[in-house]
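Undergrad: Mind having a look at this structure? Questions to follow.
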Amino acid sequence: DQQVKQNSPSLSVQEGRISILNCDYTNSMFDYFLWYKKYPAEGPTFLISISSIKDKNEDGRFTVFLNKSAKHLSLHIVPSQPGDSAVYFCAASIQAGTALIFGKGTTLSVSS
Amino acid sequence: EAQVTQNPRYLITVTGKKLTVTCSQNMNHEYMSWYRQDPGLGLRQIYYSMNVEVTDKGDVPEGYKVSRKEKRNFPLILESPSPNQTSLYFCATVPRTGGNTEAFFGQGTRLTVV
Numbered sequence: 107d108q109q110v111k112q113n114s115p116s117l118s119v120q121e122g123r124i125s126i127l128n129c130d131y132t133n134s135m136f137d138y139f140l141w142y143k144k145y146p147a148e149g150p151t152f153l154i155s156i157s158s159i160k161d162k163n164e165d166g167r168f169t170v171f172l173n174k175s176a177k178h179l180s181l182h183i184v185p186s187q188p189g190d191s192a193v194y195f196c197a198a199s200i201q202a203g204t205a206l207i208f209g210k211g212t213t214l215s216v217s218s
Numbered sequence: 056e057a058q059v060t061q062n063p064r065y066l067i068t069v070t071g072k073k074l075t076v077t078c079s080q081n082m083n084h085e086y087m088s089w090y091r092q093d094p095g096l097g098l099r100q101i102y103y104s105m106n107v108e109v110t111d112k113g114d115v116p117e118g119y120k121v122s123r124k125e126k127r128n129f130p131l132i133l134e135s136p137s138p139n140q141t142s143l144y145f146c147a148t149v150p151r152t153g154g155n156t157e158a159f160f161g162q163g164t165r166l167t168v169v
């Protein structure tokens with residue numbers, strides 16, 4: 107049973123617009139959530155995180171929202187840039203800093 | 056420069072021939088783990104280590120072994136590789152457990168077992 111779900115395999119957005127990537131989870135014990143970005147032939151790189159005690163975290167163009175009651179989080183990228191084109195993985199952990207459970211990823215394509 | 060280094064980056068091998076993928080980190084991180092990435096399945100954890108001489112199974116440990124004899128190294132061992140272990144493998148480290156810190160990933164090892 108998949109504990110972290112990214113139901114959209116792909117997303118296409120025009121440059122300058124908002125990109126919204128969604129993630130759902132089933133395990134209410136998760137207390138830390140992260141987004142990773144991955145380019146081809148590279149390892150995933152950390153993008154932004156949020157603790158379960160918060161509902162929003164912002165870092166420049168990237169904002170993560172957490173809705174615990176719905177077991178849902180989303181990543182907003184505003185404005186989207188062509189360099190944002192990559193695979194985005196949502197991840198969660200029960201004990202922060204240890205085993206990460208990843209979603210299957212969403213491929214974002216930003217066209218200029 | 057803080058690094059997680061995996062070797063080799065690419066490997067083609069035959070079924071049954073033992074191989075080791077090395078992972079080394081220069082950040083003195085406590086926690087290290089191995090993931091495999093497969094199309095449509097995302098990243099799945101194989102094994103992890105909370106510290107030296109402490110290892111445990113992740114979600115997909117079958118067919119793999121690990122060891123953590125020193126803090127900086129965490130090799131992944133395939134005693135008898137099979138074609139279903141063809142995958143992209145990533146080593147990851149975390150500075151410490153229990154804190155809100157992210158994992159740092161190596162660049163990956165693409166393994167093909169024929």
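These protein sequence lines map, in sequence, to chains V and Z.
So the first sequence is numbered by this note's numbering: it starts at 107 and just counts up by one.
So the second sequence is numbered by this note's numbering: it starts at 56 and just counts up by one.
Beta carbons: idealized from backbone N, C-alpha and C, even for Gly.
Computed from a predicted model, the values in this text were never measured in an experiment.
1) So residue 184 of chain V packs on residue 213 of chain V, CB below 8 Å; how close in whole Å?
2) Looking at C-alpha atoms only, which residue of Z:96, Z:69, Z:63 and Z:75 is the closest neighbour of residue 111 of chain V?
3) Who are the neighbours of residue 100 of chain Z on chain V, taking C-beta pairs under 9 Å?
4) How should residue 249 of chain V be labelled, buried or exposed, when 16 other C-beta atoms within 10 angstroms of its C-beta is the threshold for buried?
5) Going by alpha carbons, who is nearest to residue 165 of chain Z out of Z:125, Z:56 and Z:145?
6) So, with DSSP's three-state summary, where would you put residue 130 of chain V?
7) Could you tell me how far apart the beta carbons of residue 129 of chain Z and residue 87 of chain Z are, in whole angstroms, since I believe they sit closer than 8 Å?
8) Within 9 Å of any Cβ in chain Z, is that where the Cβ of residue 140 of chain V sits?
9) Measuring straight from C-alpha to C-alpha, what distance separates residue 128 of chain V and residue 188 of chain V?
10) Any idea if residue 194 of chain Z is buried or exposed, counting beta-carbon neighbours within 10 angstroms, 16 or more meaning buried?
11) Do three or more CB pairs link the region 167–181 of chain V to the region 118–137 of chain V at distances below 8 Å?
12) Apply the 10 Å Cβ neighbour rule to residue 183 of chain Z and answer buried if 16 or more other Cβ atoms are within range, or exposed otherwise.
13) DSSP three-state label for residue 222 of chain V, please.
14) Counting along the chain, where does the beta strand (DSSP E) carrying residue 192 of chain V start and finish?
15) If I'm right that residue 140 of chain V touches residue 197 of chain V with Cβ under 8 Å, what's the distance once you round it to whole angstroms?
16) With DSSP as the reference, label residue 140 of chain Z as helix, strand or coil.
17) Can you list the residues of chain V that residue 180 of chain Z reaches, using a CB-CB cut of under 9 Å?
18) Check each candidate in Z:106, Z:70 and Z:93 and name the one with the smallest Cα separation from residue 163 of chain Z.
19) At 4 residues or longer, and completely inside the region 82–148 of chain Z: list those alpha helix (DSSP H) runs for me, N to C.
20) Among Z:124, Z:67 and Z:105, which one has its Cα closest to the Cα of residue 147 of chain Z?
21) Expressed to the nearest angstrom, what Euclidean distance is found between the alpha-carbon atoms of residue 163 of chain V and residue 207 of chain V?
TA: Based on what the coordinates show:
1) About 19 Å separates the Cβ atoms of residue 184 of chain V and residue 213 of chain V, ruling out a contact at the 8 Å cut-off.
2) Nearest neighbour of residue 111 of chain V by Cα position, chosen from Z:96, Z:69, Z:63 and Z:75, turns out to be Z:96.
3) By Cβ distance, chain V contributes 205, 206, 207 and 208.
4) Because chain V here runs from 107 to 218, residue 249 of chain V falls outside it and cannot be looked at.
5) For residue 165 of chain Z, the closest of Z:125, Z:56 and Z:145 by C-alpha to C-alpha distance is Z:145.
6) Note: residue 130 of chain V maps to strand in three-state DSSP.
7) That belief holds up - the Cβ atoms of residue 129 of chain Z and residue 87 of chain Z are roughly 4 Å apart, short of 8 Å.
8) Residue 140 of chain V counts as touching chain Z.
9) Taking the straight line joining both Cα atoms gives about 19 Å.
10) Nothing about residue 194 of chain Z can be reported from this structure: the residues present for chain Z run from 56 to 169 only.
11) As far as the Cβ criterion goes, the region 167–181 of chain V touches the region 118–137 of chain V, which means the pair count is three or higher.
12) Nothing about residue 183 of chain Z can be reported from this structure: the residues present for chain Z run from 56 to 169 only.
13) Nothing about residue 222 of chain V can be reported from this structure: the residues present for chain V run from 107 to 218 only.
14) Per DSSP, the unbroken beta strand (DSSP E) holding residue 192 of chain V starts and ends at 192–199.
15) Indeed they touch by this definition, with Cβ atoms about 5 Å apart.
16) Looking at residue 140 of chain Z - three-state DSSP - the assignment turns out to be helix.
17) The displayed coordinates of chain Z run from 56 to 169. Any statement about residue 180 of chain Z would go beyond what the structure contains.
18) Residue Z:93 is the option with its Cα nearest to residue 163 of chain Z.
19) Along the region 82–148 of chain Z, the alpha helix (DSSP H) does not occur as any fully enclosed run of 4 or more residues.
20) Considering only alpha carbons, the answer is Z:105.
21) Going by the C-alpha atoms only, they are around 20 Å apart.
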